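Residue numbers (our numbering): 3 to 136. The structure appears below as structure tokens.
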């Protein structure tokens, strides 16, 4: 099983590859990094995940990359960890919410649905870049 995450300061978007279909899961709301890393560790164990795909921006965002790498080190996970470029994944996910009104878009941003749609884009990129070569 493969799971992707979009690590943010307030929320962690989650997506999973299930029978060849990418599905958004409920985002993890971050109260602090220890709680969030515990919640992600529990989810990885519950879903029996073998590969964790983590979105990271390009090299010009050194602070963000360091924060994401530090957070992932806190996660209790023995499987494979793959970092994938996440540039514009949130913008693309937001564009997928065009059918929602302004109020519902704001709500989707606040409750983590947007973050999980962004994780879907990250997982899609992983599938295109990595899985197509196997």
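Backbone N, C-alpha and C define an ideal beta-carbon position, used for all residues, glycine too. The structure displayed is predicted, hence computed values, not measured ones.
In terms of Cβ geometry, residue 29 and residue 40 do not form a close pair [threshold 8 Å]. For residue 13, the uninterrupted beta strand (DSSP E) run begins and ends at 13 to 20, by DSSP. Sixteen is the threshold: since fewer than 16 other Cβ atoms of the shown chains lie within 10 Å of the Cβ of residue 134, the residue is exposed. Judged by their CB atoms, residue 121 and residue 26 are nearer to each other than the 8 Å cut-off. For residue 36, the enclosing alpha helix (DSSP H) covers residues 35 to 48. Of all alpha-carbon atoms in 67, 36, 80 and 87, the one lying nearest the alpha-carbon of residue 46 is that of 80.
The Cβ-Cβ distance between residue 6 and residue 125 falls below 8 Å. Checking the DSSP bridge columns, you'll see residue 57 partnered with 86.
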